[in-house]
Amino acid sequence: MYKFRWSSTTSARLSLLSLLMLPAGAALAQVPPATVPVQALPAAPTPVASDITRSCAAGSGCVLTCLNMAAETVLTESATRAVRIISLSNGNSEFRMDNGNAGINVVLVSHDNLMCKLTGGI
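In mature numbering (1 follows the signal peptide of the UniProt record, and there is no 0), the protein residues as written are -29 to -1, 1 to 93.
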């Protein structure tokens, strides 16, 4: 049977081993806790200031023309059935151009960038 004897060499080895393990333990202690991603809540919708629907003239339809600050036409949209004009409280306008079976095109316009005019609406 073998009897274990404690020696100065064994003490030195244990001291060296503990010094080597100390930085590893410190590194483990510095790991930040796992973060849980927080989902942002969707912004509240902008309140509506007015909501008007204009029917389009039979045959010719409606045409929305928007100009930039240099009075250049930058957008032309047409509708065959109706145009719903929603003015938002922040000054922007939403034009919903109803083309019957072809669907509805939505145009959102900032009052700071474009001036728009609707023709053919009744």
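Ideal Cβ placement from N, Cα and C applies to all residues, glycine included.
query, result
"Between Leu46 and the rest of its own chain, which residues show a CB-CB distance below 6 Å, the 5 nearest in sequence each way excluded?", "Cys37"
"Assuming contact is defined by CB atoms lying nearer than 9 Å, are Ala50 and Asn76 in contact in what I supplied?", "yes"
"Under a Cβ-count criterion, where at least 16 other Cβ atoms within 10 Å of its own Cβ denotes burial, should Gly74 be classed as buried or exposed?", "exposed"
"Using the C-alpha atoms, what's the distance from Pro8 back to Ala20?", "36 Å"
"Just tell me which of Asn61, Ser64, Met68 and Asn63 has its CA closest to the CA of Gly32.", "Met68"
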